[in-house]
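As numbered in the working numbering, residues 16 to 442 make up the sequence shown, in order.
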Amino acid sequence: SHSPKELTCSVCLTIFTDPVNLPCGHSFCRQCISEVLATQQHCPMCGTAVALEAASLPTSLVLKSLAEKAKAKPDEGKRLTLAALCPEHEEKLKLFCITDQQLVCIICRDGEEHEGHQFKPVKEAAASLRKQLGMFEQCTADDIHAVESLADTQKDEMFKTRERSQQLLTRISKQFEEMHLFLKRRENEIKSELKHKEEDNVEKMRETFQATAVALSESRELKEKVSSVLKITESERFLKSWTEGKEKGALEHLFRPRVNELQVVDSSLSLGPYESHLQFFMWKEMLQVIQPRAELLTLKNPSGFSFGGAGFYSPNPSGAQATVDLQSASSVSEFGAGQHYWEIEVGSRSYWELGVIHNLLKYDGVKYASCGPNVTTELEFRNRPRKIGVYFNCSSKELSFYDADTMTHIHSVSAVFVTTPVTVCWY
């Protein structure tokens, strides 16, 4: 039989298609030799001159038949490779060493190098490996599908994160804008109030100033008149000059001190607490307009002892406000959705625990700790807090504690064991 090499065209290096023989005996595809003879009139293999045209050459039926059979058996080359000889013993490689994962001959199997190894016939090993690889291929395909699904999910989460971030950015900008507008409005109102008070004060001072100017002008005129009369030495003229055109009256009244009739109006300009506690008062005013608004809470136990605090409740997705249960024996409120914040006055008590069920912030008089279902974490404080703020997000189960006087973050946990609705409680 002919090998694939003997049936290969030396021009295109593939199995013959419509093979023809040149007079020198070399064979080529008709199309390949036609292209060669179009540029040179000699055999590309041996250089023998060729006077004929490729189109006039007859097809080699034998080569054509062999070429078609070779094309019909594309794995012939593989079978030849598998039937290769052992390079060491020149025996056919009929076995597969499972231990070393390589093809071996029978002599190799009995040699010292493969002593104690496991072997399989080539066909059996190939079938086993093919089956295993087929399973791996399917597993890999399933894994690729799963990873692609994860990638798509992660992509969606990235999009949701960006979208959520943009929504929060818009909300933050809107809320700060509302605060800015409130502060700007109050700034203008307080400035306007200051301006009105300034004008009222200055008007009162202006009236006094004008009265002072009139009195000063009259006193200067009288002084000039007296000075002029005193220059007259003759008694009759002196008396006549002073008494002409003047109403009768005592000199004491005419020369009364005008300064006793006038009084400087002191500045009474004042903005009250806005002068010294402007920021504090603005903060207190803002508490009345911010949303959500603060509501007074009281945590009661059966003995009547209570903690006082204020809670800020965000609207639920349904639009309803979270309700407060003041009748519960050991709880304050239940809520199943939204984000909630409340503050508890702990004062100087020597022991307290507060939070949501199974997730508490604790003080035992010596140290502070965050206590969860399976873990307790000791915490350090710079200053002893008098009021604790608690924030809880029902959807993400995020639970955070704050020093409510300074809004300094204390500690955060993921309240994974909390199920909704949540009960806020103290112990």
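C-beta atoms are modelled at their ideal positions from N, C-alpha and C, and glycine is treated no differently. Predicted, not measured: the structure shown is a model, and the values here were computed from it.
Between VAL51 and PRO59, the C-beta gap is smaller than 7 Å, which places the two residues in contact. Judged by DSSP in its simplified three-state form, SER242 adopts helix.
In the DSSP assignment, GLN46 falls outside any beta strand (DSSP E) and within the unbroken alpha helix (DSSP H) covering 45 to 52. Bridge pairing for LEU28: absent [DSSP]. Nearest neighbour of CYS61 by Cα position, chosen from THR54, HIS41, THR74, turns out to be HIS41. Counting of Cβ neighbours within 10 angstroms places GLY370 among the buried residues, the total reaching 16 or more.
Linking ALA430 to LEU376 through their CA atoms gives a straight-line distance of about 12 Å. By the C-beta density criterion, SER243 is exposed, having fewer than 16 other C-beta atoms within 10 angstroms. Taking 7 Å as the cut-off, the Cβ atoms of SER283 and ASN216 count as close. Closest in alpha carbon position to PRO73, among HIS424, ILE48, GLU21, is ILE48. For GLN354, the pairing in a beta bridge is given by DSSP as ASN408. In summary, TYR356 is buried, with 16 or more beta-carbon neighbours lying within 10 Å of its beta-carbon over all protein chains present.
Residue pairing from DSSP leaves ALA69 without any beta-bridge partner.
Excluding the 5 residues flanking it on each side, CYS24 has same chain C-beta neighbours closer than 6 Å at PHE31, PHE43, CYS44, CYS47, in chain order. With a cutoff of 7 Å on beta-carbon distance, PHE111 and LEU118 are scored as near each other.
Beta-bridge partners assigned by DSSP to GLN117: CYS112.
GLU139 is the residue among GLU103, VAL279, GLU139 whose C-alpha sits nearest the C-alpha of ILE113. Take LEU394, set aside five residues on each side of it, and the residues of its chain with a beta-carbon closer than 7 Å to its own are TYR383, ALA384, SER385, ILE425, HIS426, in chain order.
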